[in-house]
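A.B. asks: Keeping their order, the protein sequence lines are chains A and B. For our numbering, add 7 to where a residue sits in the first sequence, where the first one is 1. For our numbering, add 498 to where a residue sits in the second sequence, where the first one is 1.
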Amino acid sequence: MSVHGGVRVFVPCDTTALSLGADEVAARLEREAQARGLSITLVRNGSRGAAWLEPLVEVETANGRMAYGPVSADDVSELLDAGMLDGREGHALSLGPTEAIAYFAKQQRLTFARIGVTDPLSIVDYLAHDGFRGLEAALAREPREIVEEVKASGLRGRGGAAFPTGIKWQTVLDTEAPQKYIVCNADEGDSGTFADRLVMECDPYMLIEGMTIAGLAVGATQGYIYLRSEYPLAQKILDTAIARAEAAGYLGDDIRHSGKRFHLEVRLGAGAYICGEETSLLESLEGKRGLVRAKPPLPAIEGLFGLPTVVNNVLSLAAVPYILAEGGQAYADYGMGRSRGTLALQLAGNVRRGGLVELAFGASLQELMEEFGGGTLTGRPLRAVQVGGPLGAYLPESQWQLPLDYEAFSAAGAVLGHGGVVMFDDSVDMAEQARFSMEFCKVESCGKCTPCRIGSTRGVEVIDSIRADEDRDANLVLLEDLCETMVDGSLCAMGGMTPFPVQSALTHFSADFRRPADGGHS
Amino acid sequence: MSKPREGSPQSVQAEIDALKHKPGALLPILHAIQDRLGFIPEAAIAQIADALGQTKAEVHGVISFYHHFRTTPPGRHVVQICRAEACQAVGARRLEAHAKASLGIDYHHTTADREITLEAVYCLGNCACGPSVRVDDRVLGRVTPERFDALTDALRTQILEVAG
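1. Given a limit of 7 Å on CB to CB distance, which residues of the region 547–574 of chain B reach chain A?
2. Could you work out which residues of chain A lie near residue 521 of chain B, taking near to mean beta carbons separated by less than 7 Å?
3. Taking 8 Å as the threshold (beta carbon to beta carbon), is residue 320 of chain A in contact with chain B?
4. Taking its Cβ as the centre, do 16 or more other Cβ atoms sit within 10 Å of residue 232 of chain A, making it buried, or is it exposed?
5. Can you check whether the CB of residue 307 of chain A is closer than 8 Å to the CB of residue 2 of chain A?
6. For the region 526–550 of chain B, enumerate the residues whose C-beta is nearer than 8 Å to any C-beta of chain A, in chain order.
7. What are the complete beta strand (DSSP E) segments, minimum 3 residues, inside the region 595–625 of chain B?
8. Could you list the residues in the region 118–137 of chain A with a C-beta less than 7 Å from some C-beta on chain B, going in chain order?
9. Indicate whether at least one CB of chain B lies closer than 8 Å to the CB of residue 364 of chain A.
10. Spell out whether any CB of chain A is found under 8 Å from the CB atom of residue 638 of chain B.
11. Can you give the beta carbon distance from residue 375 of chain A to residue 364 of chain A, rounded, assuming they're within the 8 Å contact cut?
12. Please tell me whether, using a cut-off of 7 Å, the distance from the CB of residue 510 of chain A to the nearest non-hydrogen atom of the ligand MG is below it.
13. Just list the alpha helix (DSSP H) runs in the region 87–159 of chain A, keeping only unbroken ones of 4 residues or longer that don't cross its boundaries, in chain order.
14. Select from the region 392–408 of chain A all residues with a C-beta closer than 7 Å to any C-beta belonging to chain B, and list them in chain order.
15. If you compare alpha carbons, which of A:245, A:259, A:340, A:234 is closest to residue 288 of chain A?
16. Out of curiosity, what's the CA-to-CA distance linking residue 53 of chain A and residue 566 of chain B?
17. At the 8 Å Cβ level, is residue 620 of chain B part of the contact set with chain A, yes or no?
18. Taking residue 424 of chain A as the query, report the chain B residues whose CB atoms sit under 8 Å from its CB, ordered along the chain.
19. With 8 Å set as the bound, which would you pick, yes or no: does the beta-carbon of residue 528 of chain A sit closer than that to a beta-carbon of chain B?
20. On the three-state DSSP scale, how would you describe residue 564 of chain B?
21. For a quick check, are the C-beta atoms of residue 258 of chain A and residue 219 of chain A less than 8 Å apart?
22. I want to see whether chain A comes within less than 8 Å of residue 661 of chain B, judged by CB atoms only; does it?
23. Have a look at the DSSP bridge pairing and note the partners of residue 329 of chain A.
24. Please give me, in chain order, every unbroken run of the alpha helix (DSSP H) with length at least 4 that falls completely inside the region 173–238 of chain A.
25. Going by beta carbon distance, what residues of the same chain come within less than 7 Å of residue 419 of chain A, once the five residues before and after it are set aside?
26. Starting from the C-beta of residue 494 of chain A, find all residues in its chain whose C-beta is less than 6 Å away, skip the five residues before and the five after it, and write them out in chain order.
27. Cβ of residue 524 of chain B less than 8 Å from any chain A Cβ?
28. Taking Cβ positions, are residue 351 of chain A and residue 178 of chain A nearer each other than 8 Å?
29. Starting from residue 354 of chain A, trace the beta strand (DSSP E) both ways and give me its first and last residue.
30. Bridge partners for residue 371 of chain A per DSSP, in chain order?
31. Identify whether residue 525 of chain A lies in helix, strand or coil by the three-state DSSP scheme.
32. Where do the ends of the alpha helix (DSSP H) carrying residue 511 of chain B lie?
33. At the level of alpha carbons, what is the spacing between residue 120 of chain A and residue 238 of chain A?
34. For a contact defined as C-beta to C-beta under 8 Å, what are the partners of residue 353 of chain A on chain B?
35. Where does residue 15 of chain A fall in DSSP's three states?
36. Please identify the residue among A:94, A:85, A:103 whose C-alpha is closest to the C-alpha of residue 69 of chain A.
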């Protein structure tokens with residue numbers, strides 16, 4: 008029962024739902040309900056991550072929440088006529104009980120258990136759904152024990168590099184310094200990824216809790232969330248959540264009366280992809296151009312302002328509350344080989360049922376794209392899939408059986424990265440995609456090392472020549488050579504991995520580089 | 499005392515003074531000024547450099563490094579089109595070409611009536627519902643060329659509806 012007495016109706020407020028008209032749906036619902044003398048309590052929840060069903064409207068009933076979607080403002084009147092407020096089924100947009108929707112029921116949601124269920128900014132909701140249990144557990148332990156728990160979970164960095172999180176924390180814990188920092192890398196720049204955004208917009212206290220636990224574990228009292236400027240809504244939600252968490256004693260000088268301290272601040276990036284690279288990010292946080300630093304020294308030893316710093320991705324930090332609440336072993340029980348726990352996959356691009364899919368490592372890419380994705384949006388045959396962002400390889404059909412596992416992908420010359428899966432149908436021109444990879448690197452290179460700065464410009468020129476059929480064979484050899492130079496000679500992953508999509512296109516889709524010069528499409 | 503005029507050295511100084519004590523204050527200061535004025539005026543660079551004990555060249559270097567910062571005033575609305583792969587897979591290239599032709603400008607330019615500045619962006623995190631476009635602080639999904647035209651028409655008459 009709600010305090011207002013009306014039926015509780017949920018209309019999501021994350022970027023995707025809003026981009027498809029959720030505010031208009033909410034406004035229409037309130038207006039129509041009022042006109043009909045119906046009493047409703049509108050809750051703006053987070054998204055459950057099924058982007059293809061947004062705006063996904065839910066109604067609370069005695070038998071649980073009933074779902075309707077995708078709902079547009081113009082559907083509202085008809086849905087009310089069809090008994091939506093009683094949870095009635097039968098309307099074409101009726102999806103039945105939310106929890107029973109196969110897309111959700113088949114997932115293994117450890118990190119994303121709460122998204123879409125709760126009001127993102129309600130601490131009461133957060134506590135009612137296991138929130139801050141990990142923090143309570145951490146407050147009762149020694150720093151070393153917290154680090155051991157994270158090591159036991161087998162958690163590896165979810166930003167893409169897959170470095171063991173516990174070992175990184177151990178290094179910072181073991182490095183003596185007057186001040187240490189926790190930096191959350193929320194510069195989610197990879198195309199095809201939005202899991203970080205969903206955490207921040209739909210369950211911000213989980214990130215705050217994870218960062219606070221990291222602070223307790225390594226002895227850091229200040230945290231920064233480095234957030235990309237392309238996420239203005241996440242910024243508003245995080246700022247509000249931080250203020251509320253402070254007011255409620257979950258952040259600040261005396262966390263839950265423990266005498267322990269942790270402060271948190273959101274800092275905005277400014278539209279530079281390279282700032283997702285951790286050393287460039289640190290330079291940017293220091294107020295400088297985002298130039299990549301040579302490593303060593305590791306940020307864990309000399310990081311922000313030269314002091315020991317944990318730099319973790321949003322998803323790594325968001326996994327920590329579960330690990331502390333349920334134990335590292337509970338997390339490690341999921342997964343395969345050295346990839347433990349769950350991975351947040353994001354189905355994107357030309358996909359019928361796009362959205363967030365959290366699964367234990369080990370399922371195949373094909374299962375993901377078919378069972379969850381349902382094939383392409385256009386209905387045309389799927390031709391290529393780019394996994395792991397703009398620096399990830401394009402995979403042809405022969406590689407779709409790969410299990411979602413860091414080592415299996417790596418052995419195939421591919422990367423899982425941040426879990427983005429961008430699907431393309433058979434209208435894609437892979438030579439054009441390869442050109443874009445080089446062009447993107449040209450636009451986003453920090454310019455510090457030559458292979459990346461000059462190589463990307465030359466890459467665009469050479470691919471243009473190949474596509475124009477100018478000295479094609481010689482230029483194809485030159486492109487291979489250029490890719491090798493960039494891989495071997497670049498300072499960081501930007502220049503070092505930009506060739507991956509290019510090389511994979513050359514290897515698996517070579518015919519696209521041999522089309523007639525007029526760009527003729529077969 | 500009257501409130502300093504918007505964009506005056508005094509109002510820029512107020513933004514700088516509110517933030518200069520922060521560690522790594524430069525980006526927060528640049529954001530604050532651009533949020534307030536829409537761009538970072540040339541005259542602000544000396545003020546910032548002075549407050550942070552840096553050279554004007556250093557401040558200029560930071561401004562020019564980041565795509566987000568601009569040193570000239572934008573149009574009344576900034577429209578960004580996502581150029582990244584997930585949007586390409588569902589027609590972003592066609593949308594880009596259409597937008598440029600329809601507005602009669604290329605990226606980084608402003609329409610003659612000063613209403614719309616067109617920018618490229620590499621991912622808005624709306625990758626399951628592309629092509630995506632950002633209008634000021636609002637992200638729109640599944641933007642077809644037809645919806646783009648409706649959108650820009652609406653911007654010019656100040657009514658913005660996302661979906662029917």
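Ideal placement from N, C-alpha and C gives every residue a C-beta, glycine not left out.
C.D. replies: To lay it out plainly:
1. So the close ones are 559, 560, 563, 564, 565, 566, 567.
2. Correct list: 312.
3. No - not a single Cβ of chain B is within 8 Å of the one on residue 320 of chain A.
4. When all chains shown are included, residue 232 of chain A counts as buried.
5. This structure does not reach residue 2 of chain A, given that chain A is present from 8 up to 529, and the question cannot be answered.
6. The region 526–550 of chain B vs chain A, Cβ under 8 Å: 526, 528, 529, 550.
7. Runs found: 614–619.
8. Residues passing the 7 Å Cβ filter: none.
9. So no, residue 364 of chain A is outside the interface.
10. Judged by the 8 Å Cβ criterion, residue 638 of chain B is in contact with chain A.
11. Contact holds; Cβ gap of about 6 Å.
12. Inclusion of the ligand MG in the displayed structure is not the case, the ligand content being empty and no account of it being possible.
13. Listed in chain order, they are 109–112, 130–135, 140–146.
14. Those residues of the region 392–408 of chain A that come within reach of chain B (Cβ to Cβ, closer than 7 Å) are 393, 397.
15. The residue with the shortest Cα to Cα distance from residue 288 of chain A is A:234.
16. Distance between the alpha carbons of residue 53 of chain A and residue 566 of chain B is about 28 Å.
17. It does: the Cβ of residue 620 of chain B has a partner Cβ on chain A nearer than 8 Å.
18. By Cβ distance, chain B contributes nothing, its closest Cβ being about 13 Å from residue 424 of chain A, past 8 Å.
19. Its pLDDT being 49, under 50, residue 528 of chain A is placed unreliably by the model, and the measurement read from it follows with that caveat. Cβ-Cβ to chain B under 8 Å: no for residue 528 of chain A.
20. The answer is coil: DSSP assigns residue 564 of chain B none of H, G, I, E or B.
21. Residue 219 of chain A is positioned such that its CB atom lies closer than 8 Å to that of residue 258 of chain A.
22. Note that residue 661 of chain B scores a pLDDT of 49, beneath 50, so its modelled location is shaky and nothing firm can be said.
23. According to DSSP, residue 329 of chain A bridges with nothing at all.
24. Listed in chain order, they are 202–209, 211–225.
25. Only residues of its own chain outside the window of five on either side were considered, and among them 406, 409 have a CB closer than 7 Å to the CB of residue 419 of chain A, listed in chain order.
26. Excluding residues within five positions, the ones whose Cβ falls inside 6 Å are 503, 506.
27. Taking 8 Å as the threshold, the shortest C-beta distance from residue 524 of chain B to chain A falls below it.
28. No, they are not a contact pair.
29. Per DSSP, the continuous beta strand (DSSP E) segment holding residue 354 of chain A begins and ends at 349–356.
30. According to DSSP, residue 371 of chain A bridges with A:410.
31. Per DSSP, reduced to three states, the secondary structure at residue 525 of chain A is coil, with no helix or strand assignment.
32. Note, residue 511 of chain B: alpha helix (DSSP H), 507–517.
33. Rounded to the nearest angstrom, the two C-alpha atoms are 22 Å apart.
34. Going along chain B in sequence order, the residues near residue 353 of chain A (Cβ under 8 Å) are 625, 626.
35. For residue 15 of chain A, the three-state secondary structure derived from DSSP is strand.
36. Here the closest residue by C-alpha is A:94.
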